[in-house]
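In the working numbering, the protein residues as written are 127 to 421.
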Amino acid sequence: MFENLQDKLDRAFKVLKGQGSITEINVAETMKEIRKALLDADVNYKTAKAFTDDVKEKALGLNVLTSISPGQLLTKLMNDELAVLMGGTVEELNISANPTIILIAGLNGAGKTTFSGKLANYLLTKKNKKPLLVAGDVYRPAAIDQLEVLGGQIGVPVYTDRTSKDPVAIAMAGIAEAKKNGQNVVIIDTAGRLAIDEGLMKEIAEVKAQTKPHEILFVVDSMTGQDAVNTAKAFNDRLDFSGVVLTKLDGDTRGGAALSIKSVVNKPIKFIGTGEKMEALDVFYPDRMASRILG
Ligand code: GDP
Numbered sequence: 127m128f129e130n131l132q133d134k135l136d137r138a139f140k141v142l143k144g145q146g147s148i149t150e151i152n153v154a155e156t157m158k159e160i161r162k163a164l165l166d167a168d169v170n171y172k173t174a175k176a177f178t179d180d181v182k183e184k185a186l187g188l189n190v191l192t193s194i195s196p197g198q199l200l201t202k203l204m205n206d207e208l209a210v211l212m213g214g215t216v217e218e219l220n221i222s223a224n225p226t227i228i229l230i231a232g233l234n235g236a237g238k239t240t241f242s243g244k245l246a247n248y249l250l251t252k253k254n255k256k257p258l259l260v261a262g263d264v265y266r267p268a269a270i271d272q273l274e275v276l277g278g279q280i281g282v283p284v285y286t287d288r289t290s291k292d293p294v295a296i297a298m299a300g301i302a303e304a305k306k307n308g309q310n311v312v313i314i315d316t317a318g319r320l321a322i323d324e325g326l327m328k329e330i331a332e333v334k335a336q337t338k339p340h341e342i343l344f345v346v347d348s349m350t351g352q353d354a355v356n357t358a359k360a361f362n363d364r365l366d367f368s369g370v371v372l373t374k375l376d377g378d379t380r381g382g383a384a385l386s387i388k389s390v391v392n393k394p395i396k397f398i399g400t401g402e403k404m405e406a407l408d409v410f411y412p413d414r415m416a417s418r419i420l421g
């Protein structure tokens, strides 16, 4: 479906070429195809329908020049519209406070710990910051080990307390440690669960209430499709997070989750994970993701 979308559009609009405008009859069939394609890319139905209805309206009456094919014109229109729906511009992190507190939330396996390391590396190497990582997953000793290994790789200190089972106390002690040592960003990795769970939500809401983070980044696996949207909604209802991190976009997913999540929770996507290495992190560019979704 996604192969040669533009060719398909060109074919659908062949009759139109040189006729001056895109007509209702032609555009309706094509929009049906586009909607199917978006559903294949994991965009949820409501979002896909709203998008195609909107594009259809804008496409009608567009002047089709002889030098540019209707397919090209429509592809450009869709690209621009999708980018706008995903926020339009790059959303910067709010890192002016000293120290800036950043809370990382999400389900187990989403990529929280990996992202915490990547973010620390990004802030250190690209933003000239002095970050401290805080190991707040009190249930999985392996997660603490993992963060220490990552911190060692990138040269960022990691605050741990293996004797404590209290994530709020660990987070507060981490912040105090950062203040003492002049570290100006504190990244708090938190525990996850396999599924959304009341105990987990209560715990992370408590960490939020006590640490008063400047950024709460919700990390979600882009390969989980429709589930990603449901998880985002549940976390946002509870945490009112400030941004989304979509991981595992190096896989073969089209990334439609970006569009669905943005339209359902209306929070900016700030970063994408593109691999397991510490450098595999990109700022989220809506226009690039639009091209990826449209194929
Ligand atoms: P957590 O349970 O949320 O802390 O998840 P982890 O950070 O432990 O990540 C779970 C798995 O996903 C690990 O094997 C990571 O190496 C892997 N992972 C995390 N982010 C990415 C990514 O962007 N791309 C790929 N391919 N793997 C990732």
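The beta carbon of each residue, even a glycine, is placed where N, CA and C say it ideally should be.
C-beta contact flag for residue i and residue j at 8 Å
{"i": "residue 242", "j": "residue 313", "result": "yes"}
{"i": "residue 309", "j": "residue 394", "result": "no"}
{"i": "residue 157", "j": "residue 182", "result": "yes"}
{"i": "residue 413", "j": "residue 398", "result": "no"}
{"i": "residue 285", "j": "residue 260", "result": "yes"}
{"i": "residue 299", "j": "residue 262", "result": "no"}
{"i": "residue 330", "j": "residue 365", "result": "yes"}
{"i": "residue 391", "j": "residue 170", "result": "no"}
{"i": "residue 208", "j": "residue 419", "result": "yes"}
{"i": "residue 431", "j": "residue 273", "result": "For the chain, the structure presents residues 127 to 421; residue 431 sits outside this window and is missing."}
{"i": "residue 382", "j": "residue 167", "result": "yes"}
{"i": "residue 211", "j": "residue 389", "result": "yes"}
{"i": "residue 322", "j": "residue 358", "result": "no"}
Under the three-state DSSP convention, the category residue i falls into
{"i": "residue 317", "result": "coil"}
{"i": "residue 421", "result": "coil"}
{"i": "residue 397", "result": "strand"}
{"i": "residue 159", "result": "helix"}
{"i": "residue 411", "result": "coil"}
{"i": "residue 248", "result": "helix"}
{"i": "residue 285", "result": "strand"}
{"i": "residue 330", "result": "helix"}
{"i": "residue 341", "result": "strand"}
{"i": "residue 127", "result": "Its pLDDT being 42, under 50, residue 127 is placed unreliably in this model, and the coordinates cannot settle the point."}
{"i": "residue 215", "result": "coil"}
{"i": "residue 379", "result": "coil"}
{"i": "residue 171", "result": "helix"}
Option in the options with minimal Cα separation from residue i
{"i": "residue 332", "options": "238, 292, 359", "result": "292"}
{"i": "residue 400", "options": "199, 380, 319", "result": "380"}
{"i": "residue 404", "options": "199, 275, 201", "result": "275"}
{"i": "residue 238", "options": "320, 392, 356, 390", "result": "320"}
{"i": "residue 86", "options": "289, 163, 244, 177", "result": "What is shown of the chain runs 127 to 421, which leaves residue 86 out entirely."}
{"i": "residue 304", "options": "213, 257, 163, 350", "result": "257"}
{"i": "residue 334", "options": "302, 227, 410", "result": "227"}
Residue-chain proximity (residue i, chain B), Cβ-Cβ < 8 Å
{"i": "residue 361", "result": "Protein chain content of the structure displayed is limited to a single chain, and chain B is not contained in it."}
Residue(s) in a DSSP beta bridge with residue i
{"i": "residue 372", "result": "346, 398"}
{"i": "residue 259", "result": "284, 313"}
{"i": "residue 231", "result": "344"}
{"i": "residue 226", "result": "311"}
The region 336-345 in contact with the region 221-241 per 3-pair CB rule at 8 Å: yes
At least three beta-carbon pairs within less than 8 Å, the region 265-273 to the region 248-255: no
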